[in-house]
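A.B. asks:
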Amino acid sequence: MLNKRLAVALTVSGLLAGVTACGAPAQTAPASATPSASATTASATTAAADWGLDPAAGAQRIKSAGLDILTAEGTAEHYHAHLDVLVDGKAVTVPAEIGFSFGADGQPNGISALHTHDTTGVIHIEAPTAGLKYTLGQVLSEWGVLDGKDATGAPHGGTGGWTVYLNGVKQSAPVSDVVLKAHDEVVLSFGSAPSPVPSSYNFPAGL
Numbered sequence: 341m342l343n344k345r346l347a348v349a350l351t352v353s354g355l356l357a358g359v360t361a362c363g364a365p366a367q368t369a370p371a372s373a374t375p376s377a378s379a380t381t382a383s384a385t386t387a388a389a390d391w392g393l394d395p396a397a398g399a400q401r402i403k404s405a406g407l408d409i410l411t412a413e414g415t416a417e418h419y420h421a422h423l424d425v426l427v428d429g430k431a432v433t434v435p436a437e438i439g440f441s442f443g444a445d446g447q448p449n450g451i452s453a454l455h456t457h458d459t460t461g462v463i464h465i466e467a468p469t470a471g472l473k474y475t476l477g478q479v480l481s482e483w484g485v486l487d488g489k490d491a492t493g494a495p496h497g498g499t500g501g502w503t504v505y506l507n508g509v510k511q512s513a514p515v516s517d518v519v520l521k522a523h524d525e526v527v528l529s530f531g532s533a534p535s536p537v538p539s540s541y542n543f544p545a546g547l
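The numbering used here puts the last residue of the sequence shown at 547; the count rises by one with no breaks.
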């Protein structure tokens, strides 16, 4: 169904109400577009915006990740990983629509092989070419965070101070180099380490 939606003029309502080709849950709006009721203070709102997704720059970020903008999800490679992002043990929402491009009208007009459909943290790898590797760094590039462009020293600005755990095991490789594999549980942690470190994720049926 996503293939059909991307092949014709899309509507936001249709995209949000639909079900993806891989059977993922219905898509929800990005966290930046619908701040939670608890984000009532200026600092909380600012923090949410820091981690939000800018749809207007979606195509540019896909290209910066070294990925192509496709008109439909690929079928040669199809698997999923899960990402938890924690700052001092508190969860950061992984936005919906990472890896999507949007037209001037705000409608989605493309998708990369590496993307999210909702805010569960499930990363979809649906590629037209089999055998390629996809990394955490590419996800972060498409998201537009931890890119080193923020000189304030804020956690979302660069990879300094961040630790990656893969299926519960601390990784020595740079954050950006962690390769995503089927049903991996990836924990990206800043500050106080989570206890216990999540080592698995209960993927929905069909994923």
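Just so you know, even glycine gets a beta-carbon here, dropped at the ideal spot from N, CA and C.
For my contact list, W294 and I438 are in at a C-beta cut-off of 8 Å; report their separation, rounded to the angstrom.
C.D. replies: Nothing about residue 294 can be reported from this structure: the residues present for the chain run from 341 to 547 only.
A.B. asks: Is it buried or exposed for H457, if we count other Cβ within 10 angstroms and need 16 for buried?
C.D. replies: Working through the sequence shown from its first residue, we reach residue 457 at position 117. The residue in question, H457, is buried, as its Cβ has 16 or more Cβ neighbours within 10 Å.
A.B. asks: Going by DSSP in three states, V485 sits in which element: helix, strand or coil?
C.D. replies: Taking the first residue of the sequence shown as position 1, residue 485 is located at position 145. Looking at V485 - three-state DSSP - the assignment turns out to be coil, as it is neither helix nor strand.
A.B. asks: Give the straight-line distance between the Cα atoms of P544 and E525, rounded to the nearest whole angstrom.
C.D. replies: Locating residue 544 in the sequence shown gives position 204, where the first residue counts as 1. Locating residue 525 in the sequence shown gives position 185, where the first residue counts as 1. Looking at the two C-alpha atoms, the distance is approximately 14 Å.
A.B. asks: Taking the beta strand (DSSP E) that K430 belongs to, which residues open and close that run?
C.D. replies: As a first step, residue 430 is located in the sequence shown; it is residue number 90 there, counting from the start. Segment 430-432, the beta strand (DSSP E) holding K430.
A.B. asks: Among residues of its own chain, excluding the 5 on either side of P468, which ones have a beta-carbon nearer than 6 Å to its beta-carbon?
C.D. replies: Position 128 of the sequence shown holds residue 468. G414, A416, listed in sequence order.
A.B. asks: Considering just the uninterrupted stretch of the alpha helix (DSSP H) at A443, what are its terminal residues?
C.D. replies: Mapped onto the sequence shown, residue 443 falls at position 103. Rather than Ala, the amino acid found at residue 443 in this sequence is Gly. No alpha helix (DSSP H) holds G443; DSSP gives it neither H nor E.
A.B. asks: For the putative contact between L528 and L423, defined by C-beta atoms under 8 Å, what is the C-beta separation to the nearest angstrom?
C.D. replies: Residue mapping note: residue 528 aligns to position 188 of the sequence shown, counting from 1. Residue mapping note: residue 423 aligns to position 83 of the sequence shown, counting from 1. Yes, L528 and L423 are in contact; Cβ-Cβ is about 7 Å, under 8 Å.
A.B. asks: Can you tell me the Cα-Cα spacing of G508 and D445, whole angstroms?
C.D. replies: The residue given as residue 508 occupies position 168 in the sequence shown. The residue given as residue 445 occupies position 105 in the sequence shown. Approximately 42 Å, taken between the alpha carbons.
A.B. asks: Just the C-alpha distance for L454 and V518, rounded to the nearest angstrom, thanks.
C.D. replies: If you number the sequence shown from 1, residue 454 lands on position 114. If you number the sequence shown from 1, residue 518 lands on position 178. If you take the alpha carbons of L454 and V518, they lie about 14 Å apart.
A.B. asks: Going by Cα to Cα distance, which pick from A399, K521, K510, Y505 is closest to F440?
C.D. replies: If you number the sequence shown from 1, residue 440 lands on position 100. It is A399 whose Cα lies nearest to the Cα of F440.
A.B. asks: What residues in its chain sit with their C-beta under 6 Å from that of S404, if we drop five residues either side in the sequence?
C.D. replies: Indexing the sequence shown from 1 puts residue 404 at position 64. Only S481 meet the Cβ criterion.
A.B. asks: Rounded to whole angstroms, what is the Cα-Cα separation between V462 and V537?
C.D. replies: Locating residue 462 in the sequence shown gives position 122, where the first residue counts as 1. Locating residue 537 in the sequence shown gives position 197, where the first residue counts as 1. So the alpha carbons of these two residues sit roughly 17 Å apart.
A.B. asks: Go ahead and label G392 buried or exposed: buried means 16 or more other beta carbons lie within 10 angstroms of its beta carbon, across all protein chains shown.
C.D. replies: On the sequence shown, position 52 is the one that residue 392 refers to. The residue in question, G392, is buried, as its Cβ has 16 or more Cβ neighbours within 10 Å.
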